[in-house]
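Top to bottom, those sequences are chains D and X. When you line the first sequence up against this note's numbering, it's residues 1 to 187, in that order. When you line the second sequence up against this note's numbering, it's residues 1001 to 1258, in that order. Even glycine gets a Cβ: it sits at the ideal position worked out from N, Cα and C. Since this is a predicted model, take the numbers as computed values, not measurements. Taking it in order: structure first as structure tokens, then the write-up.
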Amino acid sequence: MRSSLSDQSKVVRFEDLALQHLGAAYSLARWLVHNEHDAEDLVQEAYLRALKFFSGYYGGDSRAWLLTIVRNTCYTWLQRNRALRQTESIDDNLEEAGLDFADPEALLLQQLDTQMVRQALHDLPVEFREVVVLREMEGLSYKEIAGIVDIPIGTVMSRLKRGRQRLHTLLANRMGKEANVELSANA
Amino acid sequence: MNCQQTRELIHGYVDGELDLVKSLEIEEHLKDCQACAQMYQQIRSLRSALAGNALRFDPPTNFERSLRSALRKQDDSNTRPALLRWRWLPVGATLFTALVIVLAVAGMLRRPSTSDVVAQEVVSSHVRSLMANHLTDVVSSDRHTVKPWFDGKLDFSPPVKDLSQQGFSLHGGRLDYIDNRPVAALVYQHGQHPINLFVWPSDGAPLISQTASVHQGYNLIRWSNEGMSYWVVSDLNLAELQQFVQLLQEQNQARAMR
């Protein structure tokens, strides 16, 4: 009897701690695997694993702790489903040539609609996508991201840099096309 | 700061991750350089297009409820049969930890008196350097400034590493006196935590693999390689201090392989 009481409070304690991050966890999973149902399954799997490890959790940033488990669960799934083959291999020491923000024409990002930005981010390789999502949508620091993704802080910065450069290029290209379509429609 | 350096660091600047000095340097440069200023604006607009809740996915309506019931179901099926095992786990873990500590201490105390005395000196020196506001004699985050400064003051040349990229910025160096000899003290900073790294030649003493200990609430890690003894002390938590040591050793290895 006594034990079932303490077990009960363990789940309750876990729920208090973990469910407040459900939004962040689900959104991250959804951005990693791109699919509503898989994201639900993976978040549930991650939460069940987290509950199992909960006795080994001794305080600290619960959001980072949970997002690490969600991220790893999703990565295992991606590897199992060979979805990672869609992505190129990432060399973090590489400088990307020809990608920069210093275009002659400034991108008027105010004109971008959400759908276009969403699609560009969707098309980004997962290694860049995850740091952009964690930084821009969840507002995590480099140090927190480094912990979750298990890379050095300097690599967080270089991946963010390259991710943003690619997004910028993708969006600039799409804007260019759209402008052309408008032009030909007017003609 | 020039354009290339600015381009290297601008994302850290936009994200508020640079130290004050570097941020000011970038701000200076952005005032003078139109191309970099434009890039800065572009990154900011891109960030604002990504921020907020517009791109975030919300969990489906009933998801939280079904997740709760899955959690409780697993908890019911797991805890009962496993109760006996789990109850003894903390005891086993404690015994195991105690054993590890005993072995670690036994290893460390092969020459018990000396290393304990040195640990005490290292901690005292660390504390003194913080109290007297005499953390550094030469303040520089540039290893090419710090390293020559030691020439002529010591009869050996301490390896000076720049780890600011990895979050441990080199703050400067000073002379200190430990184990009856002058030693090099290199001062690093991680967040709000100063780290003192003491280096001196090990003079043929046996090689020591990495050993951690706690003295007066400070974490200490010592090791030796390539004829040098290293002690690092800080109020930083052990995990991050170990990461710092790891980075130093990696850099040393990279140097040795070249």
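| Item | Value |
| --- | --- |
| Tell me which residue opens and which closes the beta strand (DSSP E) that Asp1176 of chain X is part of. | 1169-1178 |
| Any beta carbon from chain X within less than 8 Å of Arg164 of chain D's own beta carbon? | yes |
| For the beta strand (DSSP E) containing Gln1189 of chain X, list its first residue and its last residue. | 1181-1190 |
| Is His1011 of chain X helix, strand or coil when you go by DSSP? | helix |
| Which residues share a DSSP beta bridge with Ala1212 of chain X? | X:Ile1221 |
| Determine, for Ile210 of chain D, whether the minimum Cβ-Cβ distance to residues of chain X falls below 8 Å. | Nothing can be reported for residue 210 of chain D: it is not among the residues displayed for chain D, which extend from 1 to 187. |
| Between Ile1043 of chain X and chain D, is the shortest Cβ-Cβ distance under 8 Å, so that the two count as touching? | yes |
| Where do the ends of the beta strand (DSSP E) carrying Ser1234 of chain X lie? | 1228-1234 |
| Leaving out five residues on either side along the sequence, give the residues of the same chain with a beta carbon under 8 Å from the beta carbon of Ala1239 of chain X. | none |
| Rounded to the nearest angstrom, what separates Ala39 of chain D and Phe1057 of chain X at their Cα positions? | 10 Å |
| Mind checking which residues open and close the alpha helix (DSSP H) that includes His21 of chain D? | Segment: none, His21 of chain D is in no alpha helix (DSSP H) and carries neither H nor E. |
| Give the secondary structure of Leu1270 of chain X by DSSP, where H, G and I count as helix, E and B as strand, and everything else as coil. | Because residue 1270 of chain X is not part of the residues shown, which for chain X are 1001 to 1258, the question remains open. |
| From Arg1111 of chain X to Leu1163 of chain X, what does the alpha carbon distance come to, in whole angstroms? | Model confidence at Arg1111 of chain X stands at a pLDDT of 49, short of 50, so the residue's coordinates are unreliable and nothing is read from them. |
| For a test of the three-state rule: what should DSSP assign to Arg1111 of chain X, helix, strand or coil? | At Arg1111 of chain X, the pLDDT of 49 sits below 50, so the modelled position is not reliable; the number obtained from the coordinates is stated separately. Residue state, collapsed to three classes: coil. |
| Counting only the same chain and skipping the five closest in sequence on each side, list residues whose C-beta sits under 8 Å from that of Arg1143 of chain X. | Val1160, Lys1161, Asp1162, Leu1170 |
| So Val132 of chain D and Gly163 of chain D are in contact, right, with Cβ under 8 Å, and what is the actual spacing, rounded? | 5 Å |
| So who's on the other strand from Phe1198 of chain X, going by DSSP bridges? | X:Ala1185, X:Trp1231 |
| Looking at the strands, I want to know which residues DSSP matches up with His1193 of chain X. | X:His1190 |
| Let's test the definition: count the other Cβ atoms within 10 Å of the Cβ of Trp1226 of chain X and tell me whether it reaches 16, buried, or not, exposed. | Position check: residue 1226 of chain X holds Glu in this sequence, whereas Trp was assumed. Exposed. |
| How would you write the range of the alpha helix (DSSP H) that Asp135 of chain D sits in, first residue to last? | Sequence check: residue 135 of chain D is Arg here, not Asp. Run containing Arg135 of chain D: none; DSSP gives neither H nor E here. |
| Can you find the residues in the same chain that come closer than 7 Å, C-beta to C-beta, to Val1122 of chain X, ignoring five residues on each side of it along the sequence? | Ile1178, Phe1198, Leu1220, Trp1231, Val1233 |
| Just how far apart, CA to CA, sit His34 of chain D and Leu1247 of chain X? | 36 Å |
| Within the 8 Å Cβ cut-off, does His168 of chain D reach chain X? | yes |
| Starting from the beta carbon of Gln1074 of chain X, find every residue of chain D whose beta carbon is closer than 7 Å, and list them in chain order. | Leu48, Leu51 |
| Can you tell me whether Gly176 of chain D is buried or exposed? The criterion is at least 16 other CB atoms within 10 Å of its CB, across all chains shown. | exposed |
| Count the other CB atoms within 10 Å of the CB of Leu167 of chain D; is the residue buried (16 or more) or exposed (fewer)? | buried |
| At a threshold of 7 Å, does Ser9 of chain D count as lining the ligand GDP (C-beta to nearest heavy atom)? | Among the ligands in the structure shown, none appear at all, so the ligand GDP cannot be discussed. |
| Using CA atoms only, rank isn't needed, just tell me which of X:Arg1047, X:Leu1067, X:Gln1038, X:Cys1003 is closest to Gly1016 of chain X. | X:Arg1047 |
| Short of 8 Å in beta carbon distance, which residues of its chain neighbour Ser1209 of chain X, apart from the five on each side in sequence? Order them along the chain. | Trp1223 |
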